[in-house]
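Following: one structure in structure tokens, then a few remarks.
There are 2 protein chains.
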Amino acid sequence: MKTRRFLGVTALTLLALVCLALSAQASGDPLPSWHDGAAKQAIISFVDKVTQQGGPGYVAPAERIATFDNDGTLWSEQPMYVQFFFALDRLKQLAPQHPEWKKSTAVRAALAGDLAKLAKMGHKGLLEIVGLTHAGLTSQQMQALAKAWLKTARNPKKDMLFVRMIYQPMLELLAYLRAHGFQTFIVSGGGVDFIRALSQHAYGIPPYQVIGSSLKSKFVVKEGKAEVVRLPKINSIDDGPGKPVNIALQIGRRPIMAVGNSDGDLAMLQYTASGPGPRLMMLVHHDDGAREFAYDRQSAVGRLDKALDQALRDGWTVISMKNDFAQVFPAQVK
Amino acid sequence: MKTRRFLGVTALTLLALVCLALSAQASGDPLPSWHDGAAKQAIISFVDKVTQQGGPGYVAPAERIATFDNDGTLWSEQPMYVQFFFALDRLKQLAPQHPEWKKSTAVRAALAGDLAKLAKMGHKGLLEIVGLTHAGLTSQQMQALAKAWLKTARNPKKDMLFVRMIYQPMLELLAYLRAHGFQTFIVSGGGVDFIRALSQHAYGIPPYQVIGSSLKSKFVVKEGKAEVVRLPKINSIDDGPGKPVNIALQIGRRPIMAVGNSDGDLAMLQYTASGPGPRLMMLVHHDDGAREFAYDRQSAVGRLDKALDQALRDGWTVISMKNDFAQVFPAQVK
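Chains as they are written, first to last, in the numbering used here: chain A, 3 to 336; chain B, 3 to 336.
What follows is the structure in structure tokens.
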């Protein structure tokens with residue numbers, strides 16, 4: 003009798019443990035790489051609010067638009083934007099046949115390795131080099147070149163694959179939002195074709211939800227085959243005020259949530275903040291020199307100054323990489 | 003006994019009828035407003051081919067991009083683009099306060115009711131008027147104006163609500179494609195804000211899957227509120243070669259299917275046709291003067307001439323409104 007009761011209790015305990023495990027799995031933490039803290043709490047209570055049907059903050063799925071910057075927000079941007087290293091490799095390869103490219107200030111700075119000068123030119127200088135080195139290619143061809151390059155290219159400061167330096171907490175955030183009916187967009191100062199080379203695979207974001215800086219293009223029919231090829235002329239710089247302008251043009255709705263990390267994202271965050279109902283504006287603050295990089299107000303690449311002031315003043319959420327990210331990079335590359 | 007058997011047979015017959023009805027509903031015709039014929043067959047076999055996993059024509063869902071023209075393809079465009087009547091109403095309302103607008107050829111033609119001249123100017127003339135009459139508005143404000151106008155505005159030739167003159171077979175086609183993993187896009191010469199006023203509600207297409215002609219915009223912050231307002235300058239004419247150029251810019255993938263109705267869609271169809279694997283290129287031929295309008299090679303609005311030649315030469319699918327559409331307009335407005 004005693005043994006039986008003992009067994010009975012053991013069986014019950016086991017059952018309880020199994021139930022606990024199952025319920026933990028079911029209601030499991032969707033953001034395990036985020037430390038419990040103000041940033042994680044802000045995300046969860048925002049998503050709860052906009053998805054609670056009948057609640058005062060409810061937002062219909064069609065209006066759940068979240069926009070993310072890319073460089074410095076979804077992956078590392080130091081010591082320079084990843085795309086710069088890609089463009090530089092291509093520039094070195096092709097420049098000998100094109101002495102006329104030396105007319106470009108950006109090209110001269112790049113070939114001289116003058117990162118500071120290039121950083122000052124921002125996305126415009128980068129796009130100028132991309133334009134020269136990719137003119138005549140289709141967006142598919144540009145994506146293919148970038149894809150191949152990203153397979154082996156490494157960050158010179160960290161000696162890690164660039165594609166390894168995507169932020170694990172951001173991958174979880176993107177998936178969490180989509181699981182709650184959000185449409186996630188990238189709105190980046192980087193070149194649109196370059197980002198599209200990795201957006202679907204790395205972030206689960208299809209190419210038509212990527213907005214970026216772009217070159218002008220031309221429709222050509224050659225031997226019965228129709229193509230669209232890029233021209234060495236800038237079409238749009240998707241940075242600063244260019245971000246909300248392109249959001250209004252391509253998305254046609256004001257986001258209810260936006261995430262950035264630099265002054266180049268300020269206009270997008272202001273545009274997001276100016277709508278009615280619940281809003282979530284977030285800034286990644288790079289304050290973790292040990293695990294990633296530490297920079298803000300003085301940095302030439304990804305300067306975070308005015309946007310930080312407004313975030314602090316208006317109560318936007320500042321994500322501290324040091325304190326909010328339990329893990330920075332994924333355990334392995336996808 | 004006889005009565006009982008009689009009742010038994012009746013019950014069985016009833017049961018059989020119920021089963022038949024249920025099975026018809028379950029495996030029901032997804033395109034009931036299309037007559038059985040070459041066009042319907044082309045659609046169904048194309049969708050079967052690209053969705054058959056392991057089959058030679060299989061296309062992954064992420065690549066199932068279908069682009070649709072709007073005017074004349076999804077709804078009627080005669081005697082003139084719907085947006086023209088909208089812009090004209092607004093022009094008449096605002097012109098008295100703006101004598102300087104008379105500098106514009108398009109404005110003078112519109113105020114004089116010179117449809118022929120306006121039609122010759124195409125989407126450019128229309129967009130010029132839209133720019134003048136909507137400068138300083140946000141895209142949300144433009145959409146709200148168009149939405150309100152569409153509630154009561156009627157086609158002058160047919161005395162039907164414009165929103166009633168959407169093609170029922172196209173609504174079925176859009177839903178059928180989406181049910182098979184396609185992403186459906188509108189790629190129209192019309193103004194993007196105008197189309198977005200109805201795209202979600204009428205076609206089930208969200209604003210970020212609408213590409214159209216557009217005005218330049220400006221980011222402004224007024225009393226702490228950030229907005230993007232339209233300027234009276236043309237940004238992009240999404241017609242002819244502009245269609246594939248904007249597809250490459252905003253979608254970033256070549257469509258595997260495209261549907262249009264005029265020479266303004268030819269470049270989009272050529273671009274679609276030039277990719278590898280299964281492709282479906284379709285043209286709506288307006289040959290039904292009784293139920294809608296009959297026009298093609300000689301029409302100023304929606305001219306179908308060169309595109310028809312290429313369709314016939316290359317075996318693209320020509321949809322005869324008269325013979326392929328069992329029903330043209332929906333029984334009621336959504």
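Beta carbons are placed, not taken as given, at the ideal position from N, Cα and C, and that holds for glycine.
Values in this document were obtained by computation on a predicted structure and should not be read as measured data.
What span of residues does the alpha helix (DSSP H) with A:P234 cover, start to end?
Careful: A:P234 lies outside any alpha helix (DSSP H), inside the beta strand (DSSP E) at K227 to S238.
With a Cβ-Cβ cutoff of 8 angstroms, do A:G193 and A:Q85 count as a contact?
Closer than 8 angstroms, so yes.
Helix, strand or coil for B:D289, going by three-state DSSP, please let me know.
strand
Going by beta carbon distance, what residues of the same chain come within less than 8 angstroms of A:H100, once the five residues before and after it are set aside?
L134
Taking 6 angstroms as the limit between beta carbons, can you name the residues of its chain near A:S35, skipping five residues before and five after?
Cβ contact annotation for A:S35 (same chain, cutoff 6 angstroms, sequence separation greater than five): Q170, P171, E174, A328 and Q329, in chain order.
Residues near B:K340 in its chain [Cβ-Cβ closer than 6 angstroms; skip 5 each side]
The requested residue 340 of chain B is not part of the displayed model; chain B covers only 3 to 336.
A:L19: buried (16+ other C-beta within 10 angstroms of its C-beta) or exposed?
Summary for A:L19: the model assigns pLDDT 49, below 50, so the residue's position carries little reliability, and this model does not support an answer.
Check the Cβ-Cβ distances between A:K227 and every residue of chain B, and say whether any is below 8 angstroms.
Yes, A:K227 lies at the interface with chain B (some Cβ there is under 8 angstroms from its Cβ).
Within the same chain, show all residues whose beta-carbon is closer than 6 angstroms to that of A:L306, passing over the 5 residues directly before and after it, in chain order.
S264 and D298
Strictly under 8 angstroms for the Cβ-Cβ distance: is B:Y210 near chain A by that measure?
yes
Helix or strand or just coil, what does DSSP make of B:Q334?
coil
Quick check on DSSP: helix, strand or coil for B:R315?
helix
Hey, A:L268 and A:A44 are a contact pair by Cβ (cut 8 angstroms); roughly how many whole angstroms apart?
That pair is no contact at about 19 angstroms.
For a test of your reading of the model: does the CB of B:I253 fall under 7 angstroms from any non-hydrogen atom of the ligand COA? Yes or no.
This structure lacks the ligand COA, and indeed carries no ligand of any kind.
Starting from B:V189, follow the beta strand (DSSP E) in both directions and report where the run begins and ends.
Going by DSSP, B:V189 is part of the beta strand (DSSP E) stretching over Q185 to G193.
Take B:A108 and list the residues in its own chain whose beta-carbon comes closer than 7 angstroms to its own, dropping the five residues that flank it on each side.
L120, M123, G127, E130 and I131
Start-to-end residues for the beta strand (DSSP E) that takes in A:S201:
Judged by DSSP secondary structure, A:S201 falls outside any beta strand (DSSP E); it is assigned neither H nor E.
Where does B:L24 land, buried or exposed, given buried means 16+ other C-beta within 10 angstroms?
With a pLDDT of only 47 at B:L24, under 50, the local geometry of the prediction cannot be trusted, and no value is derived from it.
Note down, in chain order, all residues in the stretch 248–269 of chain A with a beta-carbon under 8 angstroms from any beta-carbon belonging to chain B.
Only I249, A250, L251, Q252, I253, G254, R255, R256 and A269 from the stretch 248–269 of chain A bring a Cβ to less than 8 angstroms from some Cβ of chain B.
Listing by chain order, which chain A residues have their CB less than 8 angstroms from the CB of B:Q202?
A64
Terminal residues of the alpha helix (DSSP H) in which A:I131 lies:
L117 to H136
Opening and closing residue of the alpha helix (DSSP H) in which B:K149 lies:
S141 to L152
For the stretch 137–147 of chain B against the stretch 175–182 of chain B, are there 3 or more C-beta pairs whose distance is under 8 angstroms?
no
Who are the near neighbours of B:V335 in its chain, counting only those whose CB is closer than 8 angstroms to its CB and skipping five residues on each side?
L163, V165 and R166
Does DSSP put A:A108 in a helix, a strand or coil?
helix
What do you get for A:A266, buried or exposed, if any count of 16 or more other CB atoms within 10 angstroms of its CB means buried?
What sits at residue 266 of chain A in the sequence shown is Gly, not Ala. Counting Cβ neighbours within 10 Å, A:G266 comes out buried, since at least 16 surround it.
Apart from the five residues on each side of it in sequence, which residues of its chain come closer than 6 angstroms, Cβ to Cβ, to A:N325?
none
Leaving out the 5 sequence neighbours to the left and right, which residues in its chain are closer than 8 angstroms to A:W318 when beta-carbon positions are compared?
These residues qualify, in order along the chain: L271, A275, M283, M284, L285 and Q312.
Given a cut-off of 8 angstroms on the beta-carbon distance, is the pair B:G262 and B:T75 in contact?
yes
According to DSSP, is A:N157 part of a helix, a strand, or is it coil?
strand
At least one CB of chain A closer than 8 angstroms to the CB of B:V84: is that the case?
Using a Cβ-Cβ cut-off of 8 angstroms, B:V84 does not count as an interface residue toward chain A, since no Cβ of chain A sits closer than that to its own.
Is it the case that the Cβ atoms of B:F295 and B:Q143 are separated by a distance below 8 angstroms?
Not in contact: B:F295 and B:Q143 (Cβ atoms no closer than 8 angstroms).
Against chain B, does A:L19 count as a neighbour if the rule is that its beta carbon must be under 8 angstroms from one of theirs?
Only weak support is given to the placement of A:L19: the predicted model assigns it a pLDDT of 49, under 50, and the value that follows is read from those uncertain coordinates. A:L19 does not count as touching chain B.
Could you say if the stretch 189–204 of chain A and the stretch 196–215 of chain B meet the contact criterion of at least three C-beta pairs nearer than 8 angstroms?
The answer is no - the stretch 196–215 of chain B does not touch the stretch 189–204 of chain A, with fewer than three Cβ pairs under 8 angstroms.
List the whole-angstrom C-beta distance separating A:G66 from A:G183, where the pair is believed to meet the contact cut-off of C-beta under 8 angstroms.
According to the sequence provided, residue 66 of chain A is Arg. The question's Gly does not apply to it. Going by Cβ atoms, the distance from A:R66 to A:G183 rounds to 5 angstroms, so yes, they are a contact pair.
Establish whether the CB of B:P332 and some CB of chain A are separated by less than 8 angstroms.
Not closer than 8 angstroms to any Cβ of chain A, the Cβ of B:P332 fails to qualify, so no.
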